[in-house]
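So for the sequence shown, my numbering puts the first residue at 25; every next one is plus one.
Glycine included, each C-beta is placed from N, C-alpha and C at the ideal position.
Data block below; observations after.
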Amino acid sequence: MGGSGFEWLVGLFVDGDGSAYFAGYGTPDFPLTPGAFDSGYSGGFAGKLSADGSQLLYSTHLGGTWLRDAELA
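Rendered as structure tokens:
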């Protein structure tokens, strides 16, 4: 999973059901889910993966400036 350039993961949390929540920053073409906010620029992103890791359940850009956005997520 990722865009055409680089991505850095800065946060990861796994809930009791095994779903993984993540935050990071990287390229503007990082995969987003339909209807998610798309800043069109490189920067922060956050999302959720299914417990088995096979599905991207939610992913969005955070807008604003790079690392600060991902750290806040």
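- Taking 8 Å as the cut-off, the beta carbon of residue 49 is found closer than this to the beta carbon of residue 67.
- Scanning its chain for C-beta atoms nearer than 7 Å, with the 5 sequence neighbours on each side dropped, one finds around residue 32 the residues 48, 49, 50, in chain order.
- Sequence-distant Cβ neighbours of residue 41 in its own chain, meaning closer than 6 Å and more than five residues away, are 75.
- As DSSP reads the structure, residue 46 sits in a beta bridge with 36, 71.
- Close CB contacts of residue 38 within its chain, under the 7 Å cut and outside five residues either way in sequence, are with 44 (chain order).
- Residue 55 has its alpha-carbon roughly 8 Å from the corresponding atom of residue 84.
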